[in-house]
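Below is one structure; the comments refer to it alone.
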Amino acid sequence: SNRCVTAADILKELEEKCATPVSKLRQISDAMTVEMHAGLASEGGSKLKMLISYVDNLPTGDEQGVFYALDLGGTNFRVLRVQLTGKSSIECQEFAEVTIPPPLMVGDSQALFDYIAAELAKFVADESEKFQLLAGRTRELGFTFSFPVMQLSIDSGTLIRWTKGFSIEEMVGKDVVQELAKAMKRQGVNMRVSALVNDTVGTLAGGRYSNKDVAVAVILGTGSNAAYVERAQAIPKWHGPHPKSGEMVINMEWGNFRSSHLPITEYDNSLDADSLNPGEQIFEKMISGMYLGEILRRVLLKMAEKAALFGDTVPPKLKTQFILRTPEMSAMHHDTTPDLKVVASKLKDVLEISDTSLSTRKIVVEVCNVMATRGARLAAAGILGILKKTGRDTVRDGEIPNTVIAMDGGLYEHYTEYRHCVEHTLNELLGDEVGKQVKLTHSNDGSGIGAALLAASHSQYA
Ligand code: ADP
Ligand code: MG
Numbered sequence: 006s007n008r009c010v011t012a013a014d015i016l017k018e019l020e021e022k023c024a025t026p027v028s029k030l031r032q033i034s035d036a037m038t039v040e041m042h043a044g045l046a047s048e049g050g051s052k053l054k055m056l057i058s059y060v061d062n063l064p065t066g067d068e069q070g071v072f073y074a075l076d077l078g079g080t081n082f083r084v085l086r087v088q089l090t091g092k093s094s095i096e097c098q099e100f101a102e103v104t105i106p107p108p109l110m111v112g113d114s115q116a117l118f119d120y121i122a123a124e125l126a127k128f129v130a131d132e133s134e135k136f137q138l139l140a141g142r143t144r145e146l147g148f149t150f151s152f153p154v155m156q157l158s159i160d161s162g163t164l165i166r167w168t169k170g171f172s173i174e175e176m177v178g179k180d181v182v183q184e185l186a187k188a189m190k191r192q193g194v195n196m197r198v199s200a201l202v203n204d205t206v207g208t209l210a211g212g213r214y215s216n217k218d219v220a221v222a223v224i225l226g227t228g229s230n231a232a233y234v235e236r237a238q239a240i241p242k243w244h245g246p247h248p249k250s251g252e253m254v255i256n257m258e259w260g261n262f263r264s265s266h267l268p269i270t271e272y273d274n275s276l277d278a279d280s281l282n283p284g285e286q287i288f289e290k291m292i293s294g295m296y297l298g299e300i301l302r303r304v305l306l307k308m309a310e311k312a313a314l315f316g317d318t319v320p321p322k323l324k325t326q327f328i329l330r331t332p333e334m335s336a337m338h339h340d341t342t343p344d345l346k347v348v349a350s351k352l353k354d355v356l357e358i359s360d361t362s363l364s365t366r367k368i369v370v371e372v373c374n375v376m377a378t379r380g381a382r383l384a385a386a387g388i389l390g391i392l393k394k395t396g397r398d399t400v401r402d403g404e405i406p407n408t409v410i411a412m413d414g415g416l417y418e419h420y421t422e423y424r425h426c427v428e429h430t431l432n433e434l435l436g437d438e439v440g441k442q443v444k445l446t447h448s449n450d451g452s453g454i455g456a457a458l459l460a461a462s463h464s465q466y467a
C-alpha cells in the first residue's frame with residue numbers, strides 16, 4: 006500500500022467533498038422546488054415523477070369498522086388490522102411482520118405475491134372477536150406498495166420500476182393490485198383491495214388522522230421518499246375531474262431527485278455503478294438506510310487499501326458489498342464508551358477485523374458521522390423544498406401556517422444522530438420564527454394504519 010496517503014488525508018478529503026453548508030442546501034432545496042414544478046407540469050417533465058395518488062381526501066375520523074393493511078416496503082412486510090370507532094380513534098390494532106426472503110426480491114412476481122398472500126391468509130385466520138366485520142361484508146384491505154407506481158385509480162396502478170434491491174423485470178408495467186388479487190385467490194383469501202397507496206401517502210393519511218396540521222410525509226427507511234398535499238389547480242398534468250376538496254396528495258418519488266448541487270463523491274459513483282439500478286435514485290442512494298452503511302464500507306475499503314488503516318493486508322470481508330449495514334453503522338456512531346468498545350466489536354463481528362487501535366476506531370466513527378450528517382442535511386434540504394413549494398416556509402396572509410411533517414422509517418426511528426441532524430438542520434434552514442411553526446413527528450407505522458384508513462374511506466360500503 007502507498008503509505009504516502011494517510012487515513013486522515015482521505016478523511017479530510019471526504020469531509021470537504023461531503024460538505025453541506027447552508028448555501029449549498031438552499032441551492033438543493035431550490036432545485037427540488039423547480040423539479041417539483043416540472044414534474045407536476047407534464048408526465049415525464051422531471052426526474053421527480055410527482056405521481057398523482059388519487060387520494061383527494063385524507064381520513065376524517067368518521068371511518069368505522071375493521072380494515073386490513075398490507076405493507077410491502079423493502080426489507081420487511083407487515084400485515085395489520087384495525088378496528089375503527091368512527092370517532093377519530095382506533096379501538097384495537099394487531100400486526101405481524103415478516104422479513105422478505107432475499108431470493109424473492111429478484112425472483113418472479115408470482116412467487117413474491119404468493120408468499121405475501123400466504124402470510125396474509127395466516128394473519129386473517131387469526132382474527133379474534135375484538136374485530137367486528139359487519140354481517141354480509143367482504144373484508145377490505147389497503148395495500149401499501151412502496152415503489153413507483155402509475156396509479157390508474159385509487160385501487161389500481163402499474164409498476165413503473167423497482168428500487169431498493171428489488172428486481173423482477175416481468176412485473177414492470179403490470180397492475181400490482183391485480184397481481185395481489187390473483188395471489189390472494191390462489192391462497193384462498195377472500196378480501197377486496199380498496200386502496201393502493203405508497204407508504205408516504207399512507208403515512209400522510211395516518212398522520213392526518215391524529216393531527217390536522219399534517220401536510221407532508223417523509224420516509225427515511227430502507228429507501229426514501231416524500232408525499233404532500235398539493236392544490237389540484239397547481240397540477241397542470243392532471244386532466245381528471247376537479248376534486249371537491251380542491252386538493253390532491255402527490256407522491257413525489259423524491260428518491261430519484263438529482264442535481265448538480267448534490268455533493269457526490271467517488272464512493273457514490275461507484276456504489277451507483279455497482280447497483281441494480283445505475284443512474285437512478287441518486288438522492289435515495291445518498292440519504293437512505295439501504296445505502297449509508299455501504300458508502301461507509303467503500304470509504305473504509307479505500308482507507309484500508311491506500312493508507313493501511315487496518316494493517317498491511319486489506320481485510321477480505323471489507324470487499325463484500327452490503328456487508329456493513331446501516332444499523333451497525335448507527336451502533337458504531339453512537340458508541341459512547343471511552344475506548345470505543347462497540348466499534349471494536351462491530352469491526353470484529355461484521356468485518357473480522359481485530360486489534361484495532363483507538364485512533365483507527367475514532368476514524369471509523371468520524372466517517373460514520375460524515376456520511377450520516379450529509380444524508381440527514383440533504384433530507385432536510387429536500388423537506389425545505391416541499392415547504393417552499395407549498396408556501397409553508399414563510400409568512401402567508403400575515404401569519405405562518407402550522408405545518409406538521411409526519412416522519413417514518415427505520416432510519417429516522419432508530420438512528421438518533423441522523424434524526425437529530427434532520428431536525429436541527431431544518432430549523433437552521435427555516436430560522437427561528439418559521440422553525441417554531443414547523444414540527445416533525447414520528448408517525449409510528451403510519452403507512453400501514455394510513456392504508457387501512459384509506460381502505461376505509463374508499464370502502465365499497467362507504
Ligand atoms: P422499509 O423501509 O423497508 O419499509 P423500515 O422503515 O422498517 O422498512 O426501515 C428499515 C431500514 O431502516 C433498514 O433497512 C435500515 O436501513 C434502517 N434501520 C433499521 N434499524 C436501524 C438502526 N438501528 N439504525 C440505523 N438504521 C436502521
Ligand atoms: Mg416501510
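FYI, in the numbering used here the residues of the sequence shown are 6 to 467. Quick reminder that beta carbons are idealized off the backbone N, C-alpha and C, glycines included. No experiment lies behind these values; they were computed from the predicted model shown.
(message) Here's the rule: buried if 16 or more other CB atoms are within 10 angstroms of the residue's CB, otherwise exposed. What is V400?
(response) exposed
(message) Need the endpoints of the alpha helix (DSSP H) that F471 sits in, please.
(response) The shown model of the chain, from 6 to 467, leaves out residue 471, and the question about it has no answer.
(request) Please name the residue or residues paired with S486 in a DSSP beta bridge. (result) Because the chain in this structure spans residues 6 to 467, residue 486 falls outside the shown range and cannot be described.
(request) Go ahead and label L389 buried or exposed: buried means 16 or more other beta carbons lie within 10 angstroms of its beta carbon, across all protein chains shown. (result) buried
(message) Suppose you measure from the CA of T104 to the CA of F128; what does that come to, to the nearest Å?
(response) 15 Å
(request) Mind reading off the beta-carbon distance from E299 to D61? Whole number of angstroms is fine, and I expect it under 8 Å. (result) The pair is not a contact, with the Cβ atoms about 38 Å apart (cut-off 8 Å).
(request) Have a look at K52 and M257 and give me their C-alpha separation to the nearest angstrom. (result) 10 Å
(request) State the Cα-Cα distance for the pair V154 and A12, rounded to the nearest angstrom. (result) 43 Å
(request) Please state whether DSSP places A461 in a helix, a strand or coil. (result) helix
(message) Contact between the stretch 312-322 and the stretch 9-27 is defined here as three or more beta-carbon pairs at a separation below 8 Å; is this criterion met?
(response) yes
(request) For C97, count neighbouring Cβ atoms within 10 angstroms of its own Cβ and tell me buried if that reaches 16, exposed if not. (result) exposed
(request) Verify whether the separation of the beta carbon atoms of A386 and L30 is less than 8 Å. (result) yes
(request) Output the distance between the C-alpha atoms of S151 and V427, rounded to the nearest integer angstrom. (result) 22 Å
(request) Since I believe E289 is in contact with L168 (beta carbons under 8 Å), could you give me their beta-carbon distance rounded to a whole number of angstroms? (result) The question names Leu, yet the displayed sequence has Thr at residue 168. Yes, T168 and E289 are in contact; Cβ-Cβ is about 7 Å, under 8 Å.
(request) Kindly indicate which residue of T395, M376 and L458 has the alpha-carbon position closest to the one of D25. (result) Inspection of the sequence shows that residue 25 is occupied by Thr rather than by Asp. It is M376.
(message) By alpha-carbon positions, which one of R330, E433 and K367 ends up nearest to D354?
(response) R330
(message) On the CB-based measure, 16 or more other CB atoms within 10 Å of its CB, does S114 come out buried or exposed?
(response) buried
(request) State buried or exposed for H463, treating a residue as buried only when at least 16 other CB atoms are found within 10 Å of its CB. (result) buried
(request) Verify whether the separation of the beta carbon atoms of T149 and A456 is less than 8 Å. (result) yes
(message) Which residue marks the beginning of the beta strand (DSSP E) containing M55, and which one marks its end?
(response) First-last for M55: undefined, no H or E at that position.
(request) Pick helix, strand or coil for M257, following the three-state DSSP scheme. (result) coil
(request) Compare the C-alpha of K394 against each of A239, I173 and P107 and name the closest. (result) A239
(message) Pairs of beta-carbons, one from the stretch 404-411 and one from the stretch 212-223, closer than 8 Å: are there three or more?
(response) yes
(message) Closer than 8 Å is the cut-off here; do at least three beta carbon pairs connect the stretch 198-206 with the stretch 131-147?
(response) yes
(request) Figure out for me which residue from F327, E184, G50 and E418 has the closest Cα to the Cα of L297. (result) F327
(request) Report all residues for which the CB-ligand distance to some heavy atom of the ligand ADP is below 5 Å; order them along the chain. (result) G78, G79, T80, G226, T227, G294, T331, P332, S335, G414, G415, L416, H419 and Y420
(request) Could you tell me the distance, in whole angstroms, from the CA atom of P64 to the CA atom of E20? (result) 44 Å
(message) Looking at the ligand MG, does it come within less than 7 Å of S229, judged from the CB to the closest heavy atom?
(response) no
(request) For the beta strand (DSSP E) holding V10, just list the boundary residues, first then last. (result) First-last for V10: undefined, no H or E at that position.
(message) Which runs of the alpha helix (DSSP H) at least 4 residues long sit entirely within the stretch 242-305? Give them in chain order.
(response) 271-279 and 287-292
(request) Let me know the beta strand (DSSP E) ranges lying completely inside the stretch 146-232, each 3 residues or longer, listed in chain order. (result) 154-158, 161-164, 196-202 and 219-225
(message) Determine whether the beta carbon atoms of G453 and A74 lie at a separation below 8 Å.
(response) yes
(message) Please tell me whether L383 and M412 are closer than 8 Å, where the distance is taken between their beta carbons.
(response) no
(message) With a threshold of 7 Å (Cβ to nearest heavy atom), would S172 be considered close to the ligand MG?
(response) no
(request) Sort A210, R166, R86 and A36 by Cα distance to Y59 and report the nearest one. (result) A210
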